[in-house]
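Colleague: I have a structure I would like to understand better, so I am pasting it below and will then ask my questions one at a time.
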Amino acid sequence: MGATAAAAAAEYTEESPYRFRIARRDPMRVDGVVFASRELLRDAERSLQQVVNVATLPGIVGASYAMPDIHWGYGFPIGGVAATDVEAGGVVSPGGVGFDISCGVRLLAADLDRRGLAPELGAVMDGLGEVIPRGAGPGGVWQVRGPAELEKIMAGGSRYAVEQGHGDERDLRRCEDGGAVAGADPEQVSGRARERGLGQVGSLGSGNHFLEVQQVAEVYDDAVARAFGLAAGQVCVMIHCGSRGLGHQICSDHVRAMDRAMARYGITVPDRQLACAPVDFPEGRAYLGAMAAAANYGRANRQLLAEAARRIFRRETGARLSLVYDVSHNLAKTEEHPVDGERRRLCVHRKGATRAFPPGHPELPEELRDAGQPVLIPGTMGTSSHVLTGVPGGAAFHSTCHGAGRVMSRHQAARAIGGRELRARLESDGVAVRSASWRGLAEETPEAYKDVTEVVAASEGAGLCRRVARLIPLGVVKG
DNA sequence: ATGTAC
Numbered sequence: 009m010g011a012t013a014a015a016a017a018a019e020y021t022e023e024s025p026y027r028f029r030i031a032r033r034d035p036m037r038v039d040g041v042v043f044a045s046r047e048l049l050r051d052a053e054r055s056l057q058q059v060v061n062v063a064t065l066p067g068i069v070g071a072s073y074a075m076p077d078i079h080w081g082y083g084f085p086i087g088g089v090a091a092t093d094v095e096a097g098g099v100v101s102p103g104g105v106g107f108d109i110s111c112g113v114r115l116l117a118a119d120l121d122r123r124g125l126a127p128e129l130g131a132v133m134d135g136l137g138e139v140i141p142r143g144a145g146p147g148g149v150w151q152v153r154g155p156a157e158l159e160k161i162m163a164g165g166s167r168y169a170v171e172q173g174h175g176d177e178r179d180l181r182r183c184e185d186g187g188a189v190a191g192a193d194p195e196q197v198s199g200r201a202r203e204r205g206l207g208q209v210g211s212l213g214s215g216n217h218f219l220e221v222q223q224v225a226e227v228y229d230d231a232v233a234r235a236f237g238l239a240a241g242q243v244c245v246m247i248h249c250g251s252r253g254l255g256h257q258i259c260s261d262h263v264r265a266m267d268r269a270m271a272r273y274g275i276t277v278p279d280r281q282l283a284c285a286p287v288d289f290p291e292g293r294a295y296l297g298a299m300a301a302a303a304n305y306g307r308a309n310r311q312l313l314a315e316a317a318r319r320i321f322r323r324e325t326g327a328r329l330s331l332v333y334d335v336s337h338n339l340a341k342t343e344e345h346p347v348d349g350e351r352r353r354l355c356v357h358r359k360g361a362t363r364a365f366p367p368g369h370p371e372l373p374e375e376l377r378d379a380g381q382p383v384l385i386p387g388t389m390g391t392s393s394h395v396l397t398g399v400p401g402g403a404a405f406h407s408t409c410h411g412a413g414r415v416m417s418r419h420q421a422a423r424a425i426g427g428r429e430l431r432a433r434l435e436s437d438g439v440a441v442r443s444a445s446w447r448g449l450a451e452e453t454p455e456a457y458k459d460v461t462e463v464v465a466a467s468e469g470a471g472l473c474r475r476v477a478r479l480i481p482l483g484v485v486k487g
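Below is the structure:
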């Protein structure tokens, strides 16, 4: 399965530090451009074939890009960014978004520092351990009353959650798209996807998803950190999760529909996992409508988990949590960007890549206009997470990395360490752990991942973003 | 990532 690896490993040249180019050759329509250090690139060479494959998509403009955390994915590499020109027959591909549609990160800052939290950390972690649903399968902080309410969640995202009393208007200003993506079309969401989503609203899921209590360990840019609401020593809560079974089912359903449609439209791709359809054709519109519904479900999910964390912090410490930002790293969006000196309407796929708007961007709320968009990079359990900001002239349609990639399979990781042993190690390092399963915990051991700090350094070196702060965990809630 | 396969 996977890519047709007929060609040898793609040849690339180092164009400038942290920037490598794969020259176009048939059937590529554009070059490939990979942002990485030499070391990170060496680990990812196999995935360059996927960068090449993406470069063949109808309507692609600029280049087929990859971020420093590139690794093998379904069709597109994870860490891939590709934009297609909608008016020129550009396509949308579910593989360019991924199975976990709108997976992303939300960061909240407490009016409390680590010394203030220390005596209550155990109680806070116990509280979070009780109220944060996690692990595979059903369970969520919201009992959705029925199909009609699920439709409202799919249409309204975080905005709907706030309208129902779960958060305030300020939260929405600090969410990408104001908390809800326009154009959600619940009619394009199958019965099966709805069934899977009904019982999971407000849940973490499993794998690398988590809720962490963190502290700001290092600030690299005081002024920007202050604008984001962050200061050294401050306690934060980071939530990393997506659209659970609903997004997964939507991806499956629409990959199948597009696979069938491609033959009718005469579109050929080098890998069936790149199934796609023109944005303005029925299958393209249907996917984008369903994808937006899943995106909103994912944002409501994070809004509700944040509210649950707020209640626990309020009860155990009296502290309030204010939203720094909420941003997705698995999404396709319609955005305007210059192409050959002309502004064009593009479908920008970001899969394991984060939008990073620069200072002054009109879509940023007033209070972030001078600082740029907060970019939230979740680290591996027990290590650092990072806060970045967008920079002027950012390449790849203003995109940057999203996190650390795996270097060990789940199986390898579980063989390398037991869950109980790992928990003991983390606790002795000062990280409180509340996990759902020992096996799941072991699979997420830090040794199984690349160092996210290297990824962030390469992203900054490539001119994609700038570092603002580094966060370290005090406690982790895991699926 | 995912009721870790239809």
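Basically the numbering used here = 1-based index in the first sequence + 8.
Glycine residues also receive a C-beta, built at the ideal position from the N, C-alpha and C atoms.
Since we're looking at a predicted model, the values are computed, not measured.
1) Considering only DSSP beta bridges, list what Lys486 is partnered with.
2) Tell me whether Glu19 sits in a helix, a strand or coil according to DSSP, three-state version.
3) Could you pull the DSSP bridge partners for Val399 from this structure?
4) Exposed or buried, what is Gln223 when buried is set at 16 or more other beta-carbons lying within 10 Å of its beta-carbon?
5) Ends of the beta strand (DSSP E) at Pro346?
6) Please report the straight-line C-alpha distance between Gly97 and Val287, rounded to a whole angstrom.
7) Helix, strand or coil for Ser24, going by three-state DSSP, please let me know.
8) Does the Cβ-Cβ distance between Gly67 and Phe84 come in under 8 Å?
9) My parser needs the beta strand (DSSP E) runs of 3 or more residues fully inside the region 26-106; what are they?
10) Kindly identify the DSSP beta-bridge partner or partners of Leu116.
11) Who are the Cβ neighbours of Ala188 in its own chain at under 6 Å, not counting the five residues just before and after it?
12) Whose C-alpha, out of His256, Arg29, Met162, Thr388, is nearest the C-alpha of Pro481?
13) What are the complete beta strand (DSSP E) segments, minimum 3 residues, inside the region 405-461?
14) Just reading off the alpha helix (DSSP H) that His256 is part of, what are its end residues?
15) Name, in chain order, the residues that DSSP records as bridge partners for Ala285.
16) Where does Ile320 fall in DSSP's three states?
17) Taking 8 Å as the cut-off, decide whether the C-beta atoms of Val485 and Phe321 are in contact.
18) So Asp229 and Val476 are in contact, right, with Cβ under 8 Å, and what is the actual spacing, rounded?
19) Could you tell me which of Gly368, Thr391, Val395 sits nearest to Thr362, measuring between CA atoms?
20) So the alpha helix (DSSP H) Glu159 belongs to, where does it begin and stop?
21) Please classify Gln151 as buried or exposed, where buried requires at least 16 other C-beta atoms within 10 Å of its C-beta.
22) Looking at the secondary structure, which residues open and close the beta strand (DSSP E) in which Leu384 lies?
23) Buried or exposed for Ala271, going by 16 or more other Cβ atoms inside 10 Å?
24) DSSP state of Asp185, grouped into three classes?
25) Report the rounded CA-to-CA distance for His262 versus Cys183, giving the unit in angstroms.
26) Enumerate in chain order the residues of its own chain whose CB-to-CB distance from Gly199 is below 7 Å, with the five nearest sequence positions on each side excluded.
27) Under the three-state reduction of DSSP, which class applies to Val224: helix, strand or coil?
28) Does the Cβ of Arg318 have 16 or more other Cβ atoms within 10 Å, making it buried, or fewer, making it exposed?
29) Rounded to whole angstroms, what's the CA-CA distance from Ala156 to Ala190? Just pull it up for me.
30) Please report how far the alpha carbon of Gly175 lies from the alpha carbon of Asn61, in whole angstroms.
31) Put Arg377 into one of helix, strand or coil per three-state DSSP.
32) Indicate the three-state DSSP secondary structure (helix, strand or coil) for Gly471 in the structure shown.
33) By the three-class DSSP mapping on this structure, what secondary structure does Leu180 have?
34) How many Å lie between His410 and His337 at the Cα?
35) List the endpoints of the continuous alpha helix (DSSP H) containing Val232.
36) Check whether the Cβ atoms of Gly483 and Ala444 lie closer than 8 Å to each other.
Modeller: Looking at the coordinates:
1) Phe218, Ser443
2) coil
3) None, per the DSSP bridge assignment.
4) buried
5) 338-347
6) 7 Å
7) strand
8) no
9) 27-30, 39-43, 68-79, 86-93
10) Val245, Leu331
11) Gly164, Gly165, Arg167, Asn304
12) Thr388
13) 440-443
14) 252-273
15) Val100
16) helix
17) no
18) 5 Å
19) Val395
20) 155-171
21) exposed
22) 382-385
23) exposed
24) helix
25) 27 Å
26) none
27) strand
28) buried
29) 18 Å
30) 43 Å
31) coil
32) coil
33) helix
34) 6 Å
35) 230-236
36) no
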